[in-house]
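A.B. asks:
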Amino acid sequence: MLTLWTALAAWYGAGVGLLLPRAVYRLAVEPEEPWRDRCPAGHALDGAVSGWLGRAWCDVCCRTYGPGEPVFVLAGALVCGLLAAVVGVRPELGVWLLAAPFALLLAAVDRAVNRLPDVLTLPLAAGTGTLLGVAALQPHAAGSWRRALLGGVVLASVYFLLFFINPSGMGFGDVKLALTLGVALGWYGWGVLLAGAFLGFLLLAAYGAVLLLSGRAERGTEVPFGPFMVLGALAGVLLGGLAA
55 MLTLWTALAA WYGAGVGLLL PRAVYRLAVE PEEPWRDRCP AGHALDGAVS GWLGRAWCDV
115 CCRTYGPGEP VFVLAGALVC GLLAAVVGVR PELGVWLLAA PFALLLAAVD RAVNRLPDVL
175 TLPLAAGTGT LLGVAALQPH AAGSWRRALL GGVVLASVYF LLFFINPSGM GFGDVKLALT
235 LGVALGWYGW GVLLAGAFLG FLLLAAYGAV LLLSGRAERG TEVPFGPFMV LGALAGVLLG
295 GLAA
């Protein structure tokens, strides 16, 4: 049964991954710029100006813009398959599977332009908290909704303090993303929250060290934190699900 759920979750993740590239292309702009709805030459994407899902394909230029689909297909399948395999058939699994594509989208946008758009971070926080409240009412739920909400407040507060101390080293979008990740990690316990947050910083430090040692960056070079926050939180949720 668990193998079937894992396979279905992996297929779901792969399918959702196919839908993300256009959204990444449209959202990966500087804060003062509007969301992209056309290719660099000014042509409508795939003949639909308002579309958000699928490839960022231009019929006139006959090419795709933005990130390629295979990366998102693989990442979606891997993340969702792992979540299903480790968490098992529990109510919170549905929440993780719904939140995972948005987390991948945020990580990709942040990696592209060092920005975490409010249009994603704030609804994701509200949706995750609300859906976990519903999950907590179901049988066999393995976490605490109250602790999840408190975890979101605690982690966001820590990030806000770091932002206040050194605003050049952390963006306010990271603070908003921390709210969602704190809710997810807090669901399984304070130890999971601490582990997931620490892993995010550890992964960022390791990546920064690799860039410095390879000469691809200097001290003071801005590195997007969002992808590492998401990876750390994913590891934390997997640890929490495994322990539960």
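Numbering of the sequence shown is given in my numbering, commencing with residue 55 and proceeding in unit increments. Beta carbons: idealized from backbone N, C-alpha and C, even for Gly.
(1) Nearest by alpha-carbon distance to residue 234: which of 157, 297, 81 is it?
(2) Report the residue from 186, 65, 281, 77 whose alpha carbon sits nearest the alpha carbon of residue 144.
(3) Quick check: what's the CA-CA separation for residue 73 versus residue 81?
(4) What residue range does the beta strand (DSSP E) around residue 118 cover?
(5) How is the alpha helix (DSSP H) around residue 263 delimited, first residue to last?
(6) Could you tell me the alpha carbon to alpha carbon distance between residue 63 and residue 288, rounded to whole angstroms?
(7) How is the alpha helix (DSSP H) around residue 150 delimited, first residue to last?
(8) For residue 105, which residues in the same chain have their Cβ closer than 8 Å to its Cβ, ignoring the five residues on either side in sequence?
(9) Kindly list the residues whose CB is nearer than 7 Å to the CB of residue 257, restricted to its own chain and excluding five residues on each side of it in sequence; keep chain order.
C.D. replies: Let me lay it out:
(1) 157
(2) 186
(3) 14 Å
(4) 117-119
(5) 244-267
(6) 15 Å
(7) 145-167
(8) 76, 99
(9) 282, 285, 286
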